[in-house]
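With full-length UniProt numbering applied, the sequence shown corresponds to residues 1 to 241, in that order. Cβ coordinates follow ideal geometry from the N, Cα and C atoms, glycine included. Bear in mind the structure is a predicted one, so any value in this text is a computation, not a measurement. One structure is given below, encoded as structure tokens.
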Amino acid sequence: MATNKTVLITGSNRGIGLQFVQEYKKLGWNVIAAVRDPTAADKLNAFAPYKVVQLDIGDEASVLSAAKELDGEAIDLLINNAGIIIRDELASATKANMLKLFEVNSVGPFLVTRAFIPHLKAAAVKNGSANVIQVSSLVGSISLCAGNYYGYGTSKAALNMISSSLAIDLKGDNVGVFVLHPGYVATDMTGGGAVDIVRGDEVIKAISTEKCVGDMMSVINKLTLAETGKYYSYTGEALPW
């Protein structure tokens with residue numbers, strides 16, 4: 001079923017990003033897949049996206065180059081999925097790791113969103129609205145903090161704040177900005193989800209990328225501009241900041 005809509009997905013060569021590529025392609029969307037190295041993305045290229053662009057969210061020049069390459073494209077949905085994780089505790093957290101996490105997980109999605117504002121505005125003019133999805137994390141919630149994750153959690157909390165500001169600044173252009181927690185997902189980043197996560201009395205088991213993305217897309221499909229700036233779990237539950 002073809003549509004006239006276009007989605008740009010960062011970090012689309014594996015895990016959650018690759019699953020998003022598959023699912024939106026099934027729905028007939030024009031899928032623009034953004035990856036650091038398109039020549040090393042065999043799994044992605046096998047799905048023959050509409051376009052594949054080189055984009056390293058940790059490199060501002062790369063971000064601007066990708067935006068220029070896609071000049072004239074109306075982007076209805078931007079999914080800022082790319083990110084990194086470094087598991088650090090009180091004794092092991094380092095300045096270098098914390099700054100790297102902030103650079104990639106917080107500043108990176110901001111730079112991507114800002115660079116593609118013209119593309120999002122074009123889609124909003126064409127189709128009434130456009131959305132930005134920031135793939136964040138539960139550990140970015142200050143209210144739900146359970147300790148540790150000094151760099152990663154802080155970087156996601158910063159992303160949440162950046163997203164709140166973007167939501168305010170872009171609402172007048174009919175561009176919504178939303179923060180989504182994908183859950184604990186079995187990907188390369190999480191070591192396949194082999195180890196359960198314990199938060200207080202709760203034991204969290206990993207879910208599949210199919211489950212994660214399917215549920216996130218259900219949430220995305222229901223989003224409206226009136227609720228821009230909201231923070232949701234993949235389950236649809238509203239999360240506290």
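1. Taking Cβ positions, are ALA206 and VAL177 nearer each other than 8 angstroms?
2. Which parts of the stretch 99-179 are runs of the beta strand (DSSP E), unbroken and 3 residues or longer, counting only runs that do not cross its ends?
3. Taking the straight line between their C-alpha atoms, what separation do you get for LYS121 and TYR152?
4. For the alpha helix (DSSP H) that contains THR209, what are its first and last residues?
5. Could you please give the first and the last residue of the uninterrupted beta strand (DSSP E) stretch that includes ILE32?
6. Taking 6 angstroms as the limit between beta carbons, can you name the residues of its chain near GLY229, skipping five residues before and five after?
7. For PRO182 and GLY15, what's the separation of their Cα atoms in angstroms?
8. When the Cα atoms are used, what is the spatial distance from VAL21 to VAL63?
9. Going by Cα to Cα distance, which pick from SER218, LEU225 and ILE75 is closest to THR235?
10. Please determine, among PHE110, ILE32, LYS68 and GLU89, the residue with the shortest C-alpha to C-alpha distance to LYS51.
11. Can you list, in chain order, the residues of its chain with a C-beta nearer than 6 angstroms to that of GLY58? Leave out the 5 residues immediately preceding and following it.
12. Would LEU27 pass as a contact of THR3 if the rule is Cβ separation under 8 angstroms?
13. DSSP three-state call for ILE79: helix, strand or coil?
14. Per DSSP, what kind of secondary structure is ALA238 in: helix, strand or coil?
15. Could you spell out where the beta strand (DSSP E) holding LEU8 opens and where it closes?
16. Below 8 angstroms, how does it come out for the stretch 63-74 and the stretch 84-99: are there three or more Cβ pairs, yes or no?
17. The beta strand (DSSP E) spanning SER233 covers which residue range?
18. I believe PHE110 touches ILE75 by the beta-carbon criterion, under 8 angstroms. Please report the beta-carbon distance rounded to the nearest angstrom.
19. Between which residues of its own chain and LYS222 is the CB-CB distance below 6 angstroms, once the five residues before and five after are set aside?
20. Looking only at its own chain, which residues have a Cβ that is under 7 angstroms from the Cβ of PRO38, when we skip the five neighbours before and after it?
According to the structure shown:
1. no
2. 130-135
3. 31 angstroms
4. Where THR209 is concerned, the enclosing alpha helix (DSSP H) stretches over 209-222.
5. 30-35
6. SER164 and ALA167
7. 11 angstroms
8. Going from the Cα of VAL21 to the Cα of VAL63 covers about 19 angstroms.
9. SER218
10. ILE32
11. Only residues of its own chain outside the window of five on either side were considered, and among them GLU103, VAL104 and GLY108 have a CB closer than 6 angstroms to the CB of GLY58, listed in chain order.
12. yes
13. strand
14. strand
15. 6-10
16. no
17. 231-233
18. About 16 angstroms separates the two Cβ atoms, so there is no contact after all.
19. none
20. So the list reads VAL52 and GLN54, once near-sequence residues are dropped.
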